[in-house]
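Structure first, then comments.
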């Protein structure tokens with residue numbers, strides 16, 4: 001028998017999958033990981049009108065996710081129906097899909113959890129004398145009994161994917177899964193500032209958000225880095241769309257640059273058009289940093305399709321061009337209002353500083369210059385590798401400009417070195433070359449760094465990688481890390497460490513163990529800061545070390561470290577040639 005015949009005979013014809021297998025496959029589309037469980041249960045609690053929601057997780061949610069609320073509960077006679085697929089109280093006919101305003105509507109979440117975990121659900125209505133408890137394992141009810149409890153619902157999901165070993169194997173470490181759960185909880189805490197949300201793990205409180213009257217209080221509570229940052233309020237309304245929220249200009253975001261949240265009809269969503277519209281509203285920016293924003297968009301239900309993705313993370317607005325123009329205009333108006341509000345004019349001309357007076361006395365040419373107005377040539381030669389003959393002449397000394405740049409004479413002209421970018425490149429290459437054997441400086445007084453739960457979870461994931469890069473640190477207390485050593489020659493302070501761990505938690509490459517990215521972030525925080533005064537010896541050492549690097553002309557983020565002016569460049573600027 002040939003291989004082709006054997007293959008044909010072994011083929012199985014098309015047939016319907018057994019219900020149990022079909023249910024498991026469908027469950028995997030809705031429940032992807034512990035954070036999916038938390039999302040679905042949170043939304044059920046919010047749909048039930050809960051004012052208080054308590055979440056408990058164990059092992060990042062892999063061992064247990066338990067959500068308790070004080071919502072309206074489920075009637076005892078309906079509880080068993082609630083865990084069946086496509087059982088919902090939100091839809092009666094197809095027309096309701098066009099008007100849906102609740103989180104849940106397909107009736108898949110509880111049924112999916114019941115298929116791939118050990119599920120216990122108990123609930124009681126406020127007007128009822130008793131409630132009901134159901135225990136389900138792999139889709140089969142094992143316990144059903146009457147109970148008496150406070151009004152509301154508690155759902156416990158244990159041993160997620162215990163009957164799907166392949167799916168369970170794809171779950172990541174406990175700290176990683178915990179961080180995703182906490183990110184999800186922060187999203188819903190942002191959305192519902194009048195609701196009490198608390199999260200615990202192994203009896204430790206990870207997050208606790210008390211009800212607040214003003215949304216801005218919750219925004220600042222969820223993002224502690226916003227303390228002291230001026231938020232620009234965005235508020236605009238049209239019959240087809242309403243937007244409210246807060247933005248921070250890209251050139252002022254600093255460590256906030258990856259904090260962006262969009263909510264559409266009270267649902268956390270990914271919507272690229274929103275980001276593009278916001279950038280359009282800001283207009284050209286001197287910085288490449290993306291803006292910080294938290295925006296709530298509200299539209300009539302019929303204008304929004306939330307049924308295009310199993311997890312409802314993506315939505316589609318019916319008039320996307322209108323959405324883009326509306327948001328861009330709303331941001332533009334908000335930025336303009338803020339600019340007018342903060343605009344200040346000098347009261348007396350005599351208040352000008354001496355150097356400003358001198359600059360005012362320099363005659364302004366009446367005819368356009370014959371060379372470009374920029375002092376920095378726009379040709380690739382401005383950051384091209386220097387020839388050997390262009391190496392700095394150490395005998396003539398170095399000059400520091402505004403404690404930002406180092407100026408040095410070369411045989412062919414002049415170079416300007418960005419002291420921060422140069423030190424960044426040096427530290428980056430040294431860390432990667434000496435990985436695992438980096439010189440350390442042991443701190444006389446170890447630094448204690450306070451972190452958010454997500455940042456602490458990220459630290460636990462990458463602690464071994466950090467040790468190889470010169471950091472000896474360990475978890476010290478609830479959401480605290482104690483740092484005992486730092487890479488030698490680093491200029492890292494307590495504030496830098498806080499910012500560094502925050503960036504680790506927000507950078508996907510770091511979370512995946514990318515040491516290059518980790519080293520680049522560390523080098524940025526550890527490098528000499530702009531504004532630092534350097535001695536002649538320090539400037540000479542910095543430049544010597546820079547030109548020993550494999551890639552001396554750019555920092556790890558791609559910015560130039562050195563700009564070169566030949567004598568011809570200077571002669572042209574002064575009209576000599």
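Residue numbers (the UniProt record's numbering): 1 to 577.
Here a beta-carbon is modelled for each residue, glycine too, at the ideal position from N, C-alpha and C.
First and last residue of the uninterrupted alpha helix (DSSP H) at residue i
i           : result
residue 184 : 174-191
residue 43  : 34-47
residue 467 : 453-468
residue 112 : 109-116
residue 282 : 272-282
residue 81  : 79-82
residue 585 : In the structure displayed, the chain extends from 1 to 577; residue 585 sits before or after that span and is not available.
residue 221 : 215-222
Option nearest residue i by Cα separation, candidates the options
i           : options               : result
residue 304 : 550, 291, 319 and 295 : 319
residue 547 : 415, 121 and 444      : 415
residue 615 : 517, 459 and 487      : Residue 615 is absent from the structure shown; the chain starts at 1 and stops at 577.
residue 516 : 431, 115, 420 and 403 : 431
residue 125 : 456, 150, 528 and 80  : 150
residue 630 : 531, 210 and 426      : Residue 630 is absent from the model: the chain starts at 1 and stops at 577.
residue 112 : 127, 143 and 41       : 41
residue 269 : 282, 280 and 295      : 295
residue 477 : 189, 145, 452 and 276 : 452
residue 176 : 525, 114, 504 and 115 : 504
residue 185 : 35, 219 and 232       : 35
residue 128 : 218, 487 and 73       : 73
residue 306 : 567, 267 and 38       : 267
residue 423 : 529, 274 and 271      : 529
residue 241 : 283, 328, 170 and 162 : 328
residue 413 : 198, 526 and 572      : 572
residue 589 : 427, 405, 108 and 410 : Residue numbering for the chain in the displayed model covers 1 to 577; residue 589 lies beyond these limits and cannot be assessed.
Near the ligand COA: residue i beta-carbon under 7 Å from a heavy atom
i           : result
residue 217 : Questions concerning the ligand COA fall outside what the structure shown contains, since it holds no ligand whatsoever.
Cα-Cα separation between residue i and residue j, rounded to whole angstroms
i           : j           : result
residue 187 : residue 193 : 11 Å
residue 48  : residue 449 : 39 Å
residue 554 : residue 200 : 45 Å
residue 577 : residue 331 : 48 Å
residue 226 : residue 245 : 14 Å
residue 519 : residue 291 : 24 Å
residue 357 : residue 467 : The pLDDT assigned to residue 357 is 37, lower than 50, so where the model puts this residue is not dependable; a value taken from the coordinates is nonetheless given after this. The straight-line gap from Cα to Cα measures roughly 53 Å.
residue 521 : residue 454 : 18 Å
residue 491 : residue 500 : 13 Å
residue 56  : residue 541 : 54 Å
residue 367 : residue 570 : Because residue 367 sits at a pLDDT of 40, beneath the cut-off of 50, its placement in the model cannot be relied upon, and the following sentence gives the value as read from the coordinates. Looking at the two C-alpha atoms, the distance is approximately 20 Å.
residue 440 : residue 489 : 9 Å
residue 181 : residue 322 : 34 Å
residue 78  : residue 50  : 19 Å
residue 485 : residue 58  : 31 Å
residue 154 : residue 122 : 5 Å
residue 63  : residue 160 : 7 Å
residue 31  : residue 45  : 17 Å
residue 132 : residue 76  : 5 Å
residue 179 : residue 224 : 17 Å
residue 145 : residue 156 : 16 Å
residue 230 : residue 408 : 39 Å
Element boundaries [beta strand (DSSP E), containing residue i]
i           : result
residue 450 : 440-450
residue 487 : 480-487
residue 233 : 232-238
residue 260 : 260-264
residue 427 : Element bounds for residue 427: not the beta strand (DSSP E) but the alpha helix (DSSP H), 419-433.
residue 147 : 140-147
residue 158 : 152-158
residue 134 : 131-137
Buried versus exposed, by CB contacts within 10 Å (16 or more), residue i
i           : result
residue 215 : buried
residue 70  : buried
residue 248 : buried
residue 147 : exposed
residue 53  : buried
residue 336 : exposed
residue 372 : Residue confidence for residue 372 is low, a pLDDT of 34 falling below 50, so the modelled location carries little weight; the figure read from the coordinates is stated next. Counting Cβ neighbours within 10 Å, residue 372 comes out exposed, since fewer than 16 surround it.
residue 84  : exposed
residue 315 : buried
residue 166 : exposed
residue 495 : exposed
residue 202 : exposed
residue 480 : exposed
residue 136 : buried
residue 261 : buried
residue 564 : buried
Short CB-CB distance (under 8 Å) between residue i and chain B
i           : result
residue 329 : Given the protein chain composition of this structure (a single chain), no chain B is represented.
- [ ] Could you tell me which uninterrupted alpha helix (DSSP H) segments, each at least 4 residues in length, are contained entirely in the region 492-567, listed from first to last along the chain?
- [x] Qualifying alpha helix (DSSP H) stretches, in chain order: 494-506, 508-511, 515-526 and 536-546.
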